[in-house]
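*Asks:* Residue numbers (the working numbering), protein chains in the order written: chain A, 1 to 410; chain B, 1 to 410. Glycine included, each C-beta is placed from N, C-alpha and C at the ideal position.
Number of protein chains: 2
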Amino acid sequence: MQQDVQGKVDSRAMREVNRSIVLDIIRRGGKVSRTDLAKRSTLTKPTVSAIVDDLIARGIVQEVGFGKTVATGGRRARLLEFNDASAAYLGLRFGVHTTTVAVADARGEVRAIRETPTIAGDPHASVRSALGLLDGALEEAGLPRARLESVGVTVPGMVDTRSGTVAFAPNLGWNDVPIRNLLQQALELPVIVHNVTNAGAIAEGRVGAAKGARSYVWVYVGHGLGAGIVIDGQLFSGTKGFSGEIGHCPIGDEGPLCSCGLRGCLETLASGKAIERIAAEAVRGSEPTTLSSHSAPIDASVVLDAARAGDAVSQRILRGVGQHLGVGLSYLINVLDPELVVLGGRVMEASEYILEGARASVARHTLRSSKVEIVASTLGDRAGLMGSVIAAMDQSVRSYRIVATAERMA
Amino acid sequence: MQQDVQGKVDSRAMREVNRSIVLDIIRRGGKVSRTDLAKRSTLTKPTVSAIVDDLIARGIVQEVGFGKTVATGGRRARLLEFNDASAAYLGLRFGVHTTTVAVADARGEVRAIRETPTIAGDPHASVRSALGLLDGALEEAGLPRARLESVGVTVPGMVDTRSGTVAFAPNLGWNDVPIRNLLQQALELPVIVHNVTNAGAIAEGRVGAAKGARSYVWVYVGHGLGAGIVIDGQLFSGTKGFSGEIGHCPIGDEGPLCSCGLRGCLETLASGKAIERIAAEAVRGSEPTTLSSHSAPIDASVVLDAARAGDAVSQRILRGVGQHLGVGLSYLINVLDPELVVLGGRVMEASEYILEGARASVARHTLRSSKVEIVASTLGDRAGLMGSVIAAMDQSVRSYRIVATAERMA
């Protein structure tokens, strides 16, 4: 996510940096005066005033009355405040069953949410259907369309983030869909596309269980299985945006056929659909289980409910899935050495049994298990949508810093 | 490897950046005049002159005669050149059997190498023994001890790079050894410690098969198995410096006991010691093999030689090891989505059979196999030592750039 501004420090770059410092203080700091800003930024008062005048002219900052009389006497200072309505961001989540549209304000607070069924196999129709909800959502949010600055999109599948193309989303029936282009043509705004695991990882780090962690892995256990990776505060998407595909790591040459066309994939043993397949087998078995009272096909949520209600077969299914999941987590831990692993997605919302199985399995398969914490997401199923909103904001709000790098320019 | 210099761009930071730009041009560019430098850096001539005067005073740059008369007439320009002898760097590789000392000049060219047996289980004695070779190596290199700027150390084991401690190096018999402190006390110089996979990855990217690649994995197949990871041009060592431990990824609950104390580790099936164990089993089998003419224990190099000489059993052993190695590579590829995988280490120096098995296995276990190239190292067994020298240089030579980051300061 980092990019070079330029090799040489010139005055334009300095202005950009100083502007972002002043804006950061106003955004975080509540009501502040120009004098406060100069003190806290260590910039000169004329520099601060020029930046503030520009921010006011653009509607990003507003004046909101006067501060207390200063101790040395003289005029009372005008106070400045960040204008929450100065920008709007659009988050779009294309889920397997439901497409969700969220409109957030300049602080990233979601003000309106709308839903519509996903039209499987037809990305154009799905986009049209989602955009049909936009005006209503903007109205509910109290934000004019002209303030929309950028769009974040989340898709369950393999996304080439650079080109904004969905390479392969079997559960949506999408193949090589240029989703960024489709939306840019319709909205004439910058669009950033992430897969659901990367979006979840972003959101969990900003407002969820990974807040404060510099390097962590966010594991999505839903219909499928995948991981979003954050390294040193930055999302790591791999060379082509295909990182974190632990669902397709082999854990044997045999096993059920995976949706990707390979055999032996971890996803066939540790995912929502694995739970459903194993539950169907259990119902045909001899051991009594409350799952038998449900008509086929049995949804993963039925197994989660049955386990919590005390059904021993369901509990065992989930512990077994957790153990296989733990094997996948041990790959991530051995390869990445993260601070923290967060388990998110629909299936993890309600399963202490999976968590228990996963922790036991990780302890058996890593050298330093005790040092890597494994916790459940605190965002639940909202993580992907929130990640899409945050990604949209990050597209247009930038902070700057200077780094020293050991890498030669040669 | 990146670190913040400061949040605000001030004139000191600008001087640092400009100085590194001028020095980079001189280091790369052969003989240049001050006028050339001003043109190529787009800095003013007085700025360039002040920087050059300082570099000359410090002995980093030297004047070397005159250029051609300039077209517009006037004085001939003094030419400037980087002084190769202005600094010396020390590389130390503690290998399982041999400790190697290398002295390099200011360009990183290795000018002298000395070796001594590693004293297993005694880090203090190993350090004393290595440092006993230093004066002779410096003399051979023609570099005075006062020019030594920093030290790079490579160890086969788990290294906490931040504290410079070797947490666990079973093949050296080292446990919690503060190797950086030991060397800093003896030499009073900055010391950087890497494990052999990270050092190999650094070297391969700078001067080997991964040159030009931004994101790649360097896999070490020696006595053990591990990986060094480079992401976007930077070494990625994980939170505690323990990344890339693919040797201890589980590929089953059973299997031989690993040196780490766990069972089912990939290293027990894909490494030099795996080759040796499987070869010993093959000799006891019924199929004829030239390995039978060697006395036990059979070294991995014997199997590599026998395979090249046409022994079918040896070839099959190596292909099988390659297939298991490929499973490990598929974990790395699925998790990291690298541009390139480079296979290095003693065992890979001579085995097309392992490479063949590994490529076939990766093709079977990844979604995008055709797009990730898998190649053999071009540095062979020298990669670790060269990496230690490069790491030492990187400690003292820094380049600067400004980056924009999507990450908030909040």
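Leaving aside the five residues before and after residue 249/A along the sequence, list all residues of the same chain whose C-beta is less than 8 Å from its C-beta, in chain order.
*Replies:* Here residue 249/A corresponds to residue number 249 of the first sequence, with the count starting at 1. So the list reads 265, 266, 328 and 331, once near-sequence residues are dropped.
*Asks:* On the three-state DSSP scale, how would you describe residue 124/A?
*Replies:* Taking the first residue of the first sequence as position 1, residue 124/A is located at position 124. Residue 124/A: helix per DSSP, three-state reduction.
*Asks:* For residue 288/B and chain A, any beta-carbon pair shorter than 8 Å?
*Replies:* As a working note, residue 288/B is residue 288 in the second sequence. Not one chain A Cβ lies under 8 Å of residue 288/B.
*Asks:* Here's a check: name, in chain order, each residue in its chain whose Cβ is nearer than 8 Å to the Cβ of residue 347/B, leaving out the five neighbours to either side.
*Replies:* As a position in the second sequence, residue 347/B is number 347, starting the count at 1. Hits under 8 Å: 221, 222, 271, 272, 275, 300, 304 and 354.
*Asks:* Of all the alpha helix (DSSP H) runs that stay within the bounds of the segment 314-374 of chain B, which reach a length of 4 or more residues?
*Replies:* Within the segment 314-374 of chain B, the complete alpha helix (DSSP H) runs of at least 4 residues are 352-365.
*Asks:* What would DSSP say about residue 159/A, mapped onto helix, strand or coil?
*Replies:* Here residue 159/A refers to the residue found at position 159 when the first sequence is read from its first residue. In the structure shown, residue 159/A sits in a strand (DSSP, three-state: E or B).
*Asks:* Excluding sequence positions up to five away, which residues of its chain have a Cβ less than 6 Å from the Cβ of residue 326/B?
*Replies:* Within the second sequence, residue 326/B is the residue found at index 326, counting from 1. Once the five neighbours on either side are set aside, the close Cβ partners of residue 326/B are 358, 361 and 362.
*Asks:* Measure from the C-beta of residue 89/B to each C-beta in chain A and report whether the shortest distance is under 8 Å.
*Replies:* Walking along the second sequence from the start, residue 89/B turns up at place 89. Judged by the 8 Å Cβ criterion, residue 89/B is not in contact with chain A.
*Asks:* What would DSSP say about residue 409/A, mapped onto helix, strand or coil?
*Replies:* Counting from 1 along the first sequence, the entry for residue 409/A is found at position 409. Low confidence applies here, because residue 409/A scores a pLDDT of 33, under 50, leaving its location unreliable; read the following figure in that light. Correct three-state label for residue 409/A: coil.
*Asks:* Does DSSP put residue 27/A in a helix, in a strand, or in coil?
*Replies:* Here the question's residue 27/A lines up with position 27 in the first sequence. In the structure shown, residue 27/A sits in a helix (DSSP, three-state: H, G or I).
*Asks:* So if DSSP puts residue 140/B in a beta bridge, which residue, or which two residues, is it bridged to?
*Replies:* Numbered from 1 along the second sequence, position 140 holds the residue referred to as residue 140/B. Beta-bridge pairing links residue 140/B to no other residue.
*Asks:* For the candidate residues 13/B, 180/B, 203/B and 204/B, whose alpha-carbon lies nearest to that of residue 189/B?
*Replies:* What you label residue 189/B is simply residue 189 of the second sequence in a count that begins at 1. Ranking the options by Cα distance to residue 189/B, first place goes to 180/B.
*Asks:* Please name the residues in the segment 310-339 of chain A whose beta-carbon is closer than 7 Å to at least one beta-carbon of chain B, in chain order.
*Replies:* Residues passing the 7 Å Cβ filter: 327, 330, 331, 332, 334, 335, 336, 337, 338 and 339.
*Asks:* I'd like to check one pair, residue 164/A with residue 193/A: are the Cβ atoms closer than 8 Å?
*Replies:* The count along the first sequence starts at 1 and reaches residue 193/A at position 193. The count along the first sequence starts at 1 and reaches residue 164/A at position 164. Result yes, Cβ atoms of residue 193/A and residue 164/A sit closer than 8 Å.
*Asks:* In whole angstroms, what is the alpha-carbon distance linking residue 23/A and residue 378/A?
*Replies:* Mapped onto the first sequence, residue 23/A falls at position 23. Mapped onto the first sequence, residue 378/A falls at position 378. If I take the Cα positions, the gap works out to 30 Å.
*Asks:* DSSP state of residue 274/A, grouped into three classes?
*Replies:* Position 274 of the first sequence, counting from 1, holds the residue named residue 274/A. Residue state, collapsed to three classes: helix.
*Asks:* Consult DSSP for residue 50/A and reduce its assignment to one of helix, strand or coil.
*Replies:* Here residue 50/A is taken as the residue at index 50 of the first sequence, counted from 1. It is helical.
*Asks:* Can you pull the chain B residues whose beta carbon is under 9 Å from the beta carbon of residue 66/A, in chain order?
*Replies:* In the first sequence, the residue the question calls residue 66/A occupies position 66. Within chain B, no residue comes near residue 66/A; the closest Cβ sits about 27 Å away, beyond 9 Å.
*Asks:* From the beta carbon of residue 238/B, is the nearest beta carbon of chain A less than 8 Å away?
*Replies:* As a working note, residue 238/B is residue 238 in the second sequence. It does; some Cβ of chain A falls within 8 Å.
*Asks:* For a cutoff of 8 Å on Cβ pairs, would you count residue 243/B as touching chain A?
*Replies:* Indexing the second sequence from 1 puts residue 243/B at position 243. Yes, residue 243/B counts as interfacial toward chain A.
*Asks:* Quick one: is residue 124/B buried, meaning 16 or more other Cβ sit within 10 Å of its Cβ, or exposed?
*Replies:* Locating residue 124/B in the second sequence gives position 124, counting from the first residue. It is exposed - the Cβ of residue 124/B has fewer than 16 other Cβ atoms within 10 Å.
*Asks:* Grouping DSSP H, G and I as helix and E and B as strand, with all else coil, what is residue 302/A?
*Replies:* Locating residue 302/A in the first sequence gives position 302, counting from the first residue. In the structure shown, residue 302/A sits in a helix (DSSP, three-state: H, G or I).
*Asks:* Using the C-alpha atoms, what's the distance from residue 93/B back to residue 411/A?
*Replies:* Lying outside 1 to 410, the shown extent of chain A, residue 411/A is not represented and no answer is given.
*Asks:* Just the chain B side, please: which residues come within less than 9 Å of residue 246/A by C-beta, in chain order?
*Replies:* The residue you call residue 246/A lines up with position 246 of the first sequence. What residue 246/A touches in chain B: 331, 334 and 335.
*Asks:* Over what stretch of residues does the beta strand (DSSP E) that includes residue 411/A continue unbroken?
*Replies:* For chain A, the structure presents residues 1 to 410; residue 411/A sits outside this window and is missing.
*Asks:* Residue 215/B versus chain A: which residues are under 7 Å apart at the beta carbon?
*Replies:* By one-based count along the second sequence, residue 215/B stands at place 215. Near residue 215/B (Cβ distances below 7 Å), the residues of chain A are 239.
*Asks:* Could you check whether residue 314/A and residue 149/A sit closer than 8 Å to each other, using their CB atoms as the reference points?
*Replies:* The residue given as residue 149/A occupies position 149 in the first sequence. The residue given as residue 314/A occupies position 314 in the first sequence. Cβ atoms of residue 149/A and residue 314/A: not closer than 8 Å.
*Asks:* Starting from the C-beta of residue 369/B, find all residues in its chain whose C-beta is less than 6 Å away, skip the five residues before and the five after it, and write them out in chain order.
*Replies:* Here residue 369/B is taken as the residue at index 369 of the second sequence, counted from 1. Caution applies to residue 369/B, whose pLDDT of 47 falls short of 50 and renders its modelled position unreliable; the value that the coordinates give is listed next. Around residue 369/B: 362 and 363.
*Asks:* Using only the alpha-carbon positions, how far apart do residue 232/A and residue 239/B sit?
*Replies:* Locating residue 232/A in the first sequence gives position 232, where the first residue counts as 1. Locating residue 239/B in the second sequence gives position 239, where the first residue counts as 1. Cα-Cα distance, rounded: 9 Å.
*Asks:* Give the secondary structure of residue 99/A by DSSP, where H, G and I count as helix, E and B as strand, and everything else as coil.
*Replies:* The residue you call residue 99/A lines up with position 99 of the first sequence. Of the three classes helix, strand and coil, the one that applies to residue 99/A here is strand, per DSSP.
*Asks:* Using DSSP's beta-bridge definition, name the partner residues of residue 169/A.
*Replies:* Counting from 1 along the first sequence, the entry for residue 169/A is found at position 169. Partner(s): 174/A.
*Asks:* Give me the chain B residues within the contact set of residue 231/A, using Cβ-Cβ distance strictly less than 8 Å, ordered along the chain.
*Replies:* Your numbering for residue 231/A matches position 231 in the first sequence. Within chain B, the residues near residue 231/A are 231 and 236.
*Asks:* Checking the sheet assignment: what are the DSSP bridge partners for residue 234/B?
*Replies:* In the second sequence, residue 234/B corresponds to position 234, counting from 1. The partner list for residue 234/B (beta bridge, DSSP) reads 231/B.
*Asks:* Whole-angstrom Cβ separation of residue 319/A and residue 350/A, contact assumed at under 8 Å?
*Replies:* As a working note, residue 319/A is residue 319 in the first sequence. As a working note, residue 350/A is residue 350 in the first sequence. 14 Å between Cβ atoms; not a contact.
*Asks:* Do the CB positions of residue 229/B and residue 201/B come within less than 8 Å of each other?
*Replies:* Start at 1 with the first residue of the second sequence, and residue 229/B comes out as number 229. Start at 1 with the first residue of the second sequence, and residue 201/B comes out as number 201. Going by C-beta atoms, residue 229/B is nearer than 8 Å to residue 201/B.
*Asks:* Starting from the C-beta of residue 120/A, find all residues in its chain whose C-beta is less than 7 Å away, skip the five residues before and the five after it, and write them out in chain order.
*Replies:* The sequence position of residue 120/A within the first sequence is 120, counting from 1. Contacts found: 172 and 173.
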